[in-house]
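Reading through the structure tokens given below for one structure.
Residue numbers (my numbering), protein chains in the order written: chain P, 1149 to 1411; chain B, 10 to 273; chain Y, -13 to 215.
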């Protein structure tokens, strides 16, 4: 069953064409890794999926439903955009936790805000839901191994812990597809491990994930499918074995060679 | 750019037009005062012309008493409002006040902006120095002279005396006195009426009026908006009050020199 | 001694006027400043250009001149005359005189212009990532602003804001241009009676008030010390 389908996605910034027609699809519960050198367009692709950038052309479908049609994108109301965004979750390179809230509140802020302004709920129902959200947040926090940090502030915990909180914050909204934008690039190597471990554990669930990453070893181990992007196009696409063990294009060969040199 | 310039021009034209309209419009002040039920008189605290009596808390003084009488004659209440002397013309022309009645010197320059009533009192400028001062009349020219900005004292200091070192205070004639007191000026040129009422008293006990030094014959008048129809009423009122002896009595009470020639 | 008490009573009356002017100015200029800062940052070019011009004029001309213009210009241009307060309650009518209201209007507009620039700087210093994090969590623009951005902005602008606000209490003395009977005005009235020291006593009133403000701002700063933004 196809979860995510992207057709002819194009995006330019001024006269620079960053995405030159992207087509691919992803099955439910699969993990897709997108690799490629800086400036190849992979982050822009992810931002288009999350409606942080407006695509110029193309469509994005989730679970058979077209959620982004570039021709229509200007006409979406704020409410529509919000609903579409909630089908996706995004974990940022820079975590982007809210500094004034503690860890638990960072996770519960968005869902509790939604409950609070829901006029169809009575006062008691609201209190009930908020309690439920809080207890769920604690469960998720436990699953990323941060139970004891619930009342810490972002400035009091390490970068790796902050990124695990950011993952928990995305998880509580139960997105159909969870996206990661270079989740470990801002971390020291020793902190990278703990974050990658958490992402790997998410795979055991039925979660569909799109991960933009520079961690080749990780991509190889965790992915069902790998896309190699170069200059705004999908240069090569396939299973991890096909991409890493039998690269066909010269660009991919050079890229893999270069990333191995770094270790 | 062209658009901006034409826009600015349009704004300027509208502003000029409305200013012209203002100066053309006939000022039926008698009617507007009667409609408002009050005569608003702009004053400053200036003994013995306009000041607040410590015991009653009411306005009193030579000018204040006359203003009250005039309002009574018009059949309206009299409201004395403290103004910033520098803004007296703006206060008058923006209709915040109807008259300026505050021992105001009627001079030619001011006469271009506003109208004057018949002059009802006279004044002169005197020099105030510290009691131990050795300053003479001839020495004032080269001394540091404190005056109130825009006052008759300033005109005298500049033209009659030709002083070069001027300290101009914008906070009243007492401001000029405090300069002398603080030693930051050698001499202050202020109204004789003012000088007689404060010099030698309280904090100003160290000061004295320099004997035999007096400048400028000034005449006091009430200020009105240009072409105001209050002027005829006011002139008639002042002359009548002179004729029946009221002004003469007030002048004796407050030690003010009246302008008999003008009031006859 | 009686004289001393009399002076203090009069000065206190003036101080109340100064403080009222101060508080009402803050009350009006803070939200107005926020609105102006949004206009300045608006993507709609004519609006941002217009508000930039307004801020330029308000910051580029002396406050004293603005007070003067607001009070006298309507009458001078024959447009209208500011009406007098007339509730019959004497304290109210004299304290909130036309002159007070005109000064308040000038102060509120002028300070809103200064505040708007501080707000703009504060808002633009917050990283784009904070907005995007809120967006992908499905929060609305106003939720993002009020629940995520605002407190971070507040923390960053406390130092420049406390500077402006301390300047404001002393600037209230400019209201005596149009004879609002505030602290300095009352103090100067005593000079007519030959007393100079009340003017310096007035300084003590400001000093104490600014002292209290300083303590409050330090407290606010401490209170927001728990996070880094």
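Each residue gets a CB set at the ideal place from its N, CA and C atoms; glycine is no exception.
Predicted, not measured: the structure shown is a model, and the values here were computed from it.
Under 9 Å between C-beta atoms of residue i and residue j
{"i": "residue 176 of chain Y", "j": "residue 185 of chain Y", "result": "yes"}
{"i": "residue 1198 of chain P", "j": "residue 122 of chain Y", "result": "yes"}
{"i": "residue 105 of chain B", "j": "residue 51 of chain B", "result": "yes"}
{"i": "residue 104 of chain Y", "j": "residue 143 of chain Y", "result": "yes"}
{"i": "residue 138 of chain Y", "j": "residue 215 of chain Y", "result": "yes"}
{"i": "residue 1362 of chain P", "j": "residue 1330 of chain P", "result": "yes"}
{"i": "residue 1187 of chain P", "j": "residue 1167 of chain P", "result": "no"}
{"i": "residue 1193 of chain P", "j": "residue 1238 of chain P", "result": "no"}
{"i": "residue 56 of chain B", "j": "residue 66 of chain B", "result": "no"}
{"i": "residue 1352 of chain P", "j": "residue 1308 of chain P", "result": "no"}
{"i": "residue 87 of chain B", "j": "residue 144 of chain B", "result": "no"}
{"i": "residue 128 of chain B", "j": "residue 233 of chain B", "result": "no"}
{"i": "residue 258 of chain B", "j": "residue 124 of chain B", "result": "no"}
{"i": "residue 193 of chain B", "j": "residue 176 of chain B", "result": "yes"}
{"i": "residue -3 of chain Y", "j": "residue 188 of chain Y", "result": "yes"}
{"i": "residue 137 of chain B", "j": "residue 198 of chain B", "result": "yes"}
{"i": "residue 181 of chain Y", "j": "residue 212 of chain B", "result": "yes"}
{"i": "residue 1388 of chain P", "j": "residue 1367 of chain P", "result": "yes"}
Check: residue i C-beta below 8 Å from any heavy atom of the ligand MN
{"i": "residue 160 of chain Y", "result": "This structure lacks the ligand MN, and indeed carries no ligand of any kind."}
CB contact check: residue i to chain Y, cutoff 9 Å
{"i": "residue 1309 of chain P", "result": "no"}
{"i": "residue 1261 of chain P", "result": "yes"}
{"i": "residue 34 of chain B", "result": "Low confidence applies to residue 34 of chain B: its pLDDT is 47, below 50, so where it sits in the model is not reliable enough to give any reading."}
{"i": "residue 30 of chain B", "result": "Summary for residue 30 of chain B: the model assigns pLDDT 48, below 50, so the residue's position carries little reliability, and this model does not support an answer."}
{"i": "residue 212 of chain B", "result": "yes"}
{"i": "residue 1408 of chain P", "result": "no"}
{"i": "residue 1277 of chain P", "result": "no"}
{"i": "residue 149 of chain B", "result": "no"}
{"i": "residue 124 of chain B", "result": "no"}
{"i": "residue 93 of chain B", "result": "yes"}
{"i": "residue 138 of chain B", "result": "no"}
{"i": "residue 1196 of chain P", "result": "no"}
{"i": "residue 90 of chain B", "result": "yes"}
{"i": "residue 50 of chain B", "result": "no"}
Any chain B beta carbon closer than 9 Å to residue i
{"i": "residue 177 of chain Y", "result": "yes"}
{"i": "residue 163 of chain Y", "result": "yes"}
{"i": "residue -9 of chain Y", "result": "no"}
{"i": "residue 7 of chain Y", "result": "no"}
{"i": "residue 182 of chain Y", "result": "yes"}
8 Å contact criterion, which residue i and residue j should meet: CB distance rounded
{"i": "residue 220 of chain Y", "j": "residue 158 of chain Y", "result": "Here chain Y has residues from -13 to 215 only, and residue 220 of chain Y is not among them."}
{"i": "residue 161 of chain Y", "j": "residue 53 of chain Y", "result": "6 Å"}
{"i": "residue 140 of chain Y", "j": "residue 99 of chain Y", "result": "Rounded, the Cβ-Cβ distance is 19 Å, inconsistent with contact."}
{"i": "residue 1333 of chain P", "j": "residue 1364 of chain P", "result": "The Cβ separation is near 13 Å, so there is no contact."}
{"i": "residue 135 of chain Y", "j": "residue 151 of chain Y", "result": "Contact flag wrong, Cβ pair sits at about 21 Å."}
{"i": "residue 93 of chain Y", "j": "residue 11 of chain Y", "result": "4 Å"}
{"i": "residue 1376 of chain P", "j": "residue 1391 of chain P", "result": "6 Å"}
{"i": "residue 15 of chain Y", "j": "residue 101 of chain Y", "result": "6 Å"}
{"i": "residue 1337 of chain P", "j": "residue 1247 of chain P", "result": "Actually they are not in contact, since the Cβ atoms of residue 1337 of chain P and residue 1247 of chain P sit about 25 Å apart, beyond 8 Å."}
Within-9 Å CB hit, residue i to chain P
{"i": "residue 213 of chain Y", "result": "yes"}
{"i": "residue 127 of chain Y", "result": "yes"}
{"i": "residue 110 of chain Y", "result": "no"}
{"i": "residue 118 of chain Y", "result": "yes"}
**Study point:** Near-chain Y residues of the segment 96 to 113 of chain B (beta-carbon distance less than 8 Å), N- to C-terminal order
**Key:** Within the segment 96 to 113 of chain B, contact with chain Y at the beta-carbon level (separation under 8 Å) is assigned to 96, 99, 100, 102, 103, 104, 105.
**Study point:** Interface positions of the segment 134 to 145 of chain Y facing chain P (Cβ-Cβ less than 9 Å), listed along the chain
**Key:** Across the segment 134 to 145 of chain Y, CB contacts with chain P closer than 9 Å involve 134, 137, 138, 141, in sequence order along the chain.
**Study point:** Interface positions of the segment 1219 to 1232 of chain P facing chain Y (Cβ-Cβ less than 7 Å), listed along the chain
**Key:** Contacts with chain Y (Cβ-Cβ distance below 7 Å) from the segment 1219 to 1232 of chain P involve 1226, 1230, listed in chain order.
Review point. Is there contact here, the segment 212 to 222 of chain B with the segment 239 to 251 of chain B, by at least three beta-carbon pairs under 8 Å?
Key: Too few Cβ pairs lie closer than 8 Å, so no.
Exercise for review: Assess, as a yes-or-no matter, whether the segment 1252 to 1267 of chain P is touched by the segment 123 to 130 of chain Y under the definition of 3 or more beta carbon pairs within less than 8 Å.
Suggested key: The answer is yes - the segment 1252 to 1267 of chain P touches the segment 123 to 130 of chain Y, with three or more Cβ pairs under 8 Å.
Point to revise | Cβ-based contacts, 8 Å cut-off: residues of the segment 181 to 202 of chain B near chain Y | key: Sequence-ordered contacts of the segment 181 to 202 of chain B with chain Y read 181, 183, 184, 187, 190 [C-beta pairs closer than 8 Å].
Practice item. Scan the segment 215 to 229 of chain B for residues whose Cβ lies nearer than 7 Å to a Cβ of chain Y and list them as they occur along the chain. Key: Residues of the segment 215 to 229 of chain B with a Cβ closer than 7 Å to any Cβ of chain Y: none.
Check your understanding: Are the segment 179 to 186 of chain B and the segment 154 to 167 of chain B touching, with three or more C-beta to C-beta distances below 8 Å?
Key -> Touching, yes, given that three or more Cβ pairs across the two stretches are closer than 8 Å.
Review point. For the segment 53 to 73 of chain B, which residues have a beta carbon sitting closer than 7 Å to at least one beta carbon of chain Y?
Key: With the criterion set as a beta carbon lying under 7 Å from some beta carbon of chain Y, the members of the segment 53 to 73 of chain B are 54, in sequence order.
Check your understanding: Does the segment 1152 to 1160 of chain P come close enough to the segment 1194 to 1209 of chain P to have 3 or more Cβ pairs within less than 8 Å?
Key -> Contact holds between the segment 1152 to 1160 of chain P and the segment 1194 to 1209 of chain P, because three or more Cβ pairs, one in each stretch, are under 8 Å apart.
Check your understanding: Okay, do the segment 1371 to 1378 of chain P and the segment 1174 to 1189 of chain P touch, 3+ Cβ pairs below 8 Å being the bar?
Key -> Taking 8 Å as the limit for Cβ pairs, the verdict is that the segment 1174 to 1189 of chain P does touch the segment 1371 to 1378 of chain P.
Practice item. Check whether the segment 85 to 96 of chain B touches the segment 225 to 235 of chain B, taking contact to mean three or more Cβ pairs, one atom from each stretch, closer than 8 Å. Key: No, they do not touch.
Point to revise | Chain-ordered residues of the segment 52 to 79 of chain Y with a beta carbon less than 8 Å from chain B | key: Answer set for the segment 52 to 79 of chain Y: 54, 57, 58, 59, 60, 61, 62, 63, 64, 65, 67, 68.
Point to revise | Segment contact flag, the segment 1310 to 1321 of chain P with the segment 1277 to 1296 of chain P, C-beta cutoff 8 Å, min 3 pairs | key: Touching, yes.
Check your understanding: Using a Cβ cut-off of 9 Å, which residues of the segment 1354 to 1378 of chain P contact any Cβ in chain Y, in chain order?
Key -> Answer set for the segment 1354 to 1378 of chain P: empty.
Exercise for review: Check whether the segment 263 to 271 of chain B touches the segment 126 to 139 of chain B, taking contact to mean three or more Cβ pairs, one atom from each stretch, closer than 8 Å.
Suggested key: Inter-segment contact for the segment 263 to 271 of chain B and the segment 126 to 139 of chain B is present: three or more beta-carbon pairs are separated by less than 8 Å.
Review point. Using 8 Å as the Cβ pair cut-off and three pairs as the minimum, do the segment 73 to 90 of chain Y and the segment 44 to 64 of chain Y touch?
Key: Contact between the segment 73 to 90 of chain Y and the segment 44 to 64 of chain Y is present: 3 or more CB-CB pairs across the two stretches fall below 8 Å.
Check your understanding: Per the contact definition of three or more C-beta pairs closer than 8 Å, is the segment 1219 to 1228 of chain P in contact with the segment 1271 to 1289 of chain P?
Key -> Proximity of the segment 1271 to 1289 of chain P to the segment 1219 to 1228 of chain P falls short of the contact definition, fewer than three beta-carbon pairs being nearer than 8 Å.
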